[in-house]
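Same order as they appear, the protein sequences are chains H and C.
Heads up, this note's numbering is the position in the first sequence plus 1409, with the first residue counted as 1.
Heads up, this note's numbering is the position in the second sequence plus 1409, with the first residue counted as 1.
Number of protein chains: 2
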Amino acid sequence: MDVYEALYTTRAMRRVKPDPVPDEVQARILDAAIRAPSGGNQQTWAFMLVDDPEVKAKLGPVYRECIDLLWASFYNTQIEAAQAEPDLPESKQWLAIKKSVDWAAENFESYPLFLFGFAQHDATGGSIFPAIWSAMLAARAEGVGASLTSVMMIKGDEVPGILGVPAEEGWNMACCVPMGYPKGKWGVAKRRPAHEVAYRNQWGQPLGFEIAEPLWPAD
Amino acid sequence: MDVYEALYTTRAMRRVKPDPVPDEVQARILDAAIRAPSGGNQQTWAFMLVDDPEVKAKLGPVYRECIDLLWASFYNTQIEAAQAEPDLPESKQWLAIKKSVDWAAENFESYPLFLFGFAQHDATGGSIFPAIWSAMLAARAEGVGASLTSVMMIKGDEVPGILGVPAEEGWNMACCVPMGYPKGKWGVAKRRPAHEVAYRNQWGQPLGFEIAEPLWPAD
């Protein structure tokens, strides 16, 4: 797969089938992940694949509690506004995200595979998220859908406790990536264009060019 | 370029030529970056390209101070140990990194382009580093070398001050990515293998397979 196809079409893919992800695919995903950069090349990262139904059964209720808290607290205003005026473009986006995330919560235990990322002494996240994103891009190349969430950090040490993470050694959970073969189709996600979120040489100063339409695929 | 080639060969490329990076290449890099995921698809990110010699002239001395502090404090023990026994494999790696980073410090103003990443209300880094890493992978596909550093955060508000970042609105600098056309060659970076840094279902429990050699390129 072309790198641009992967970069443009690796969108959050939450609705996946329960079919297992073969070991050789898992290996290609992890081997790509560890090529990512880390501060001072220290590789103070750790990864965990979870596919044991017993472990999933412990994680599922925690995930659902976190999602409930997410809607009730962090995104409460946005969701209420979206439900009040469901036809606005931003409302539609919020309601679509909520529906998709709620699907993930209800079907948590049916995901065939989860990838957890951990970092030690990484104040910025810059030494774990490139590796996690590489894993998701490699998964995309393998036809495996994924989505990135840090929502389980709401419940503090609960998930690290279930997974046996040695917090006393400075290991922190960075994220969880549910994975599986998609039910739906890949596509280019809609985003605010680069010239609206990028500046040149000084905050607020124009980038110097505009990008009206996604540059991939090329005509 | 194949996505795996990008994932495996996008290593820190610090020695670059002063040749400018054309606007259309910059556009492809940024347009790929904004396809990355962010929490709740909120896209609370901002990017800045710096190519103005006057701005670079202000940043260079700060970068060099940060690098001096890096060697004198954070990595002091490792560098002293490496200099004491320079023939050990780990020492060689440290001395190679130091030489490369010192080159970057000495030649800071000669980089044709810097990409800065900023995030608003992003506790984990998970809503900016995927986008930054996408930018670096797209740069790789364009033949542009890059390296990722958060070292300028050592000097707190100094760099955001130079760049006019509205810290009062919650915008934080996440990283700086110097870019340019490489003097050297691309290659697969050496890493600890996945089975040494990845577990299955419980911390410390074996992954279930070993990956002795990089899986890319395939035979």
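Cβ coordinates follow ideal geometry from the N, Cα and C atoms, glycine included.
When C-beta atoms of the region 1530–1544 of chain H are compared with those of the region 1476–1488 of chain H, fewer than three pairs fall below 8 Å, so the two segments do not count as touching. Contact of residue 1500/C with chain H by beta-carbon distance below 7 Å is absent, the smallest such distance being about 13 Å. Residues 1455, 1527, 1529, 1574 of the same chain have their beta carbon placed closer than 7 Å to that of residue 1580/H, with the five preceding and five following residues left out of the count. The beta-carbon of residue 1434/C is placed no less than 8 Å from the nearest beta-carbon of chain H. For residue 1502/C, the uninterrupted alpha helix (DSSP H) run begins and ends at 1498–1515, by DSSP. Think of a sphere of 7 Å around the beta carbon of residue 1446/C: the chain H residues whose beta carbon falls inside it are 1421, 1557, in chain order. Within the same chain, and ignoring the five residues on either side of residue 1434/H in sequence, the residues whose Cβ sits closer than 7 Å to its Cβ are 1551, 1553.
Residue 1527/H: not part of any alpha helix (DSSP H); member of the beta strand (DSSP E) spanning 1522–1529, first to last residue. With respect to the 8 Å criterion, residue 1428/H and residue 1521/H are classified as neighbours on the basis of their beta carbons. For residue 1472/C, no beta strand (DSSP E) run applies; the uninterrupted alpha helix (DSSP H) run containing it begins and ends at 1462–1478, by DSSP. Against residue 1452/C, the close residues of chain H are 1600, 1601, 1606, in the order they occur along the chain (beta-carbon pairs closer than 9 Å). In the DSSP assignment, residue 1608/C forms a beta bridge with 1457/H. 1533, 1534, 1535, 1538, 1539, 1542, 1543, 1546, 1547, 1550: these are the residues of the region 1524–1553 of chain C whose beta carbon lies less than 7 Å from some beta carbon of chain H, given in chain order. For residue 1424/C, the closest C-alpha among the options 1548/C, 1516/C, 1533/C is that of 1516/C. If you draw a 10 Å sphere on the C-beta of residue 1627/H, you find fewer than 16 other C-beta atoms in it, and that means exposed.
Of all residues in the region 1454–1475 of chain C, those with a C-beta nearer than 8 Å to a C-beta of chain H are 1454, 1455, 1456, 1457, 1458, 1459, 1460, 1461, 1464, reading in chain order.
Among the residues of chain C, those whose CB is under 7 Å from the CB of residue 1611/H are 1572, 1573, following chain order. When only Cα atoms are considered, residue 1588/H and residue 1438/H end up about 11 Å apart.
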